[in-house]
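Everything on this sheet refers to the single structure shown next.
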Amino acid sequence: VEGLSKKWNLSLPETAAFLSGINTSLKEELDIDSLEAADSVKLDIEYEKLLWNMYNAKAEWLYNLEEWNDIFDKEKRDEIRKNYLETVTAKREKPGRNDPCPCGSGKKYKKCCGA
72 VEGLSKKWNL SLPETAAFLS GINTSLKEEL DIDSLEAADS VKLDIEYEKL
122 LWNMYNAKAE WLYNLEEWND IFDKEKRDEI RKNYLETVTA KREKPGRNDP
172 CPCGSGKKYK KCCGA
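To convert, note that position 6 of the sequence shown is 77 in our numbering; the numbers rise steadily by one, no gaps.
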């Protein structure tokens, strides 16, 4: 960890925060709580998962970085974004005609809001 701090010109807490931020995007997650400054870590990043996590974090400035062009082509990035949006899009089920009305009136949907 100390070597990464020097390489990236970050303090140890900043390096630990960075590692914590990308931990779920690693092929093998680190035990962040037990890391010591002298420990060596292997950063084997799953870039598809990292991009997904950046969409999930709503970090637009991160998932729009030009460096992604070196990792994925535009079609692959669009595919990852589409798959992400499909998982977070709210889907509301329309009540059946004989179901209770969602407005809370106690009436059947067909006799209330579904009329």
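Virtual Cβ for every residue (Gly too), placed ideally from N, Cα, C.
**Study point:** Close beta carbons around Trp123, own chain, < 7 Å, minus the five adjacent residues each side
**Key:** Ile151 and Tyr155
Review point. Assuming Ile103 contacts Leu83 under a Cβ cut-off of 8 Å, what Cβ separation, rounded to an integer in Å, is found between them?
Key: Not a contact, Cβ separation roughly 13 Å.
Exercise for review: Could you tell me if the beta carbon of Glu107 falls within a distance shorter than 7 Å of some heavy atom in the ligand HEM?
Suggested key: The ligand HEM is not part of this structure, which contains no ligands at all.
Practice item. Would you mind sorting Thr95 into buried or exposed? The rule is 16 or more other CB atoms within 10 Å of its CB. Key: exposed
Practice item. Please report the residue range of the alpha helix (DSSP H) in which Pro84 lies. Key: Leu83 to Ile93
Point to revise | Beta-ladder partner(s) of Lys179, from DSSP | key: Pro171
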